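Position in the sequence shown (from 1) plus 50 gives the number in my numbering.
Glycine included, each C-beta is placed from N, C-alpha and C at the ideal position.
Keep in mind that this is a model prediction, so the values were computed, not measured.
Below you'll find the structure, written out as structure tokens, and then a few comments.
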Amino acid sequence: NMWANTPVVTPQGKVTNARDWAKALDIKYAPSIVLFNEKGREVIRSEAFFKVFHTQGIFTYVSSGAYVKEPSLQRYLSAKAEHMREQGRDVDIWRMVDEPVGKK
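What follows is the structure, given as structure tokens:
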């Protein structure tokens, strides 16, 4: 909650609150997601509402370290979708979280 006074510890170890940290990160939109690497540096941010495929993709992109080899999230997501299709899995980039996942 970017407007809250909730205490947080930043990746750099600074104790602050959610509102001040959001301000320091120059976050202007909710929902926003900002992901950092193990050194506390910002890797990517999403300042928009995304559906399931893109939201999961952003988290996987950072947690897997794929951003190191592929600097383009869009290219990463395209390759991920193609790989899923090759496995016969349904790739519905417009699916909401509460909609069933289909299989081709």
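Own chain, CB closer than 6 angstroms to residue i, minus 5 neighbours either side, in chain order
i      : result
Lys154 : Note that Lys154 scores a pLDDT of 45, beneath 50, so its modelled location is shaky; the value from the coordinates is reported in the next line. Within the same chain, Lys154 has close Cβ partners Gly138 and Asp140.
Tyr117 : Val93 and Tyr111
Ile77  : Met52
Glu120 : Tyr126
Where residue i falls, given that 16 or more other Cβ within 10 Å makes a residue buried
i     : result
Ala80 : exposed
Ala72 : buried
Residues of its chain near residue i, where Cβ-Cβ distance is below 7 angstroms and the 5 sequence neighbours each way are ignored
i      : result
Lys130 : Gly107
Trp53  : Arg69
Ile83  : Arg95, Ser96 and Ile108
Leu75  : Val84
Selected residue, minimal CA-CA separation from residue i, among the options
i     : options                 : result
Asn55 : Thr66, Pro61 and Pro121 : Thr66
Glu93 : Tyr111, Phe99 and Asp76 : Checking the sequence shown, residue 93 turns out to be Val, not Glu. For Val93, the nearest C-alpha among the options comes from Tyr111.
Close beta carbons around residue i, own chain, < 8 angstroms, minus the five adjacent residues each side
i      : result
Arg145 : Lys101, Val102, Phe103 and Val151
Check whether the region 76-90 and the region 119-136 are in contact - that is, three or more C-beta pairs closer than 8 angstroms.
Contact between the region 76-90 and the region 119-136 is absent, because fewer than three Cβ pairs lie under 8 angstroms.
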